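J.: One structure, pasted below without further comment.
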């Protein structure tokens, strides 16, 4: 079973993915961490040194490697991954995709204290964060909505969300 978690930054893909993998006794993979291991650079460094377009090319290569070589996993993809190339189609063909859906206000409240570790928003003033997220989410939403399943994550615990995913998708617990 291959499951991909889709959503905007701050939607909890990594945290929920780890919990889900533990409950299902399978591997958890974080696409950003795999890219960092592959390149020996942080995502922030890659964005600064290469720019977003070249970063997305590397991201695509690592994504394809995962999908072609790993058998069972829970994969947290980057917030922009589904938008580039035909990544969303590839993710849907090779995995069960789940969109962790949240509104811009909820996401901005989560992200305001994490800005410096997020290259896409590190440069923004706090008062500009909500508008930036709303615009970005509007641009990406159609890609995210192509996911096989959608789950609203607001006001739910990580455990509640992972249980909801297990039941919604009918994933076998081991």
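Numbering (full-length UniProt numbering), first residue to last: 1 to 174. Here a beta-carbon is modelled for each residue, glycine too, at the ideal position from N, C-alpha and C. No experiment lies behind these values; they were computed from the predicted model shown.
1) Does the distance from the C-beta atom of residue 133 to that of residue 107 stay below 8 angstroms?
2) If you measure from the beta carbon of residue 143 to each beta carbon in chain D, is any gap under 8 angstroms?
3) At 3 residues or longer, what runs of the beta strand (DSSP E) sit wholly inside the segment 133-157?
4) Quick check on DSSP: helix, strand or coil for residue 2?
5) Can you tell me the Cβ-Cβ gap for residue 32 and residue 78, rounded? I've got them flagged as a contact below 8 angstroms.
6) Give, in chain order, every unbroken run of the alpha helix (DSSP H) that is at least 4 residues long and sits entirely within the segment 17-58.
7) Buried or exposed for residue 103, going by 16 or more other Cβ atoms inside 10 Å?
8) By the three-class DSSP mapping on this structure, what secondary structure does residue 97 have?
9) For residue 30 and residue 66, I'd like the C-alpha separation in whole angstroms.
T.: Looking at the atomic coordinates:
1) Their beta carbons are under 8 angstroms apart, which means residue 133 touches residue 107 by this criterion.
2) You won't find chain D in this structure, because it holds only one protein chain.
3) Those beta strand (DSSP E) runs which fall completely within the segment 133-157 and span 3+ residues are 149-152.
4) In the structure shown, residue 2 sits in a strand (DSSP, three-state: E or B).
5) Sure, about 5 angstroms apart at Cβ, within 8 angstroms.
6) Counting only runs of 4 or more, we get 31-39.
7) By the neighbour-count criterion, in which a residue is buried when 16 or more other Cβ atoms sit within 10 angstroms of its Cβ, residue 103 is exposed.
8) Collapsing the DSSP output to three states places residue 97 in a strand.
9) The straight-line gap from Cα to Cα measures roughly 10 angstroms.
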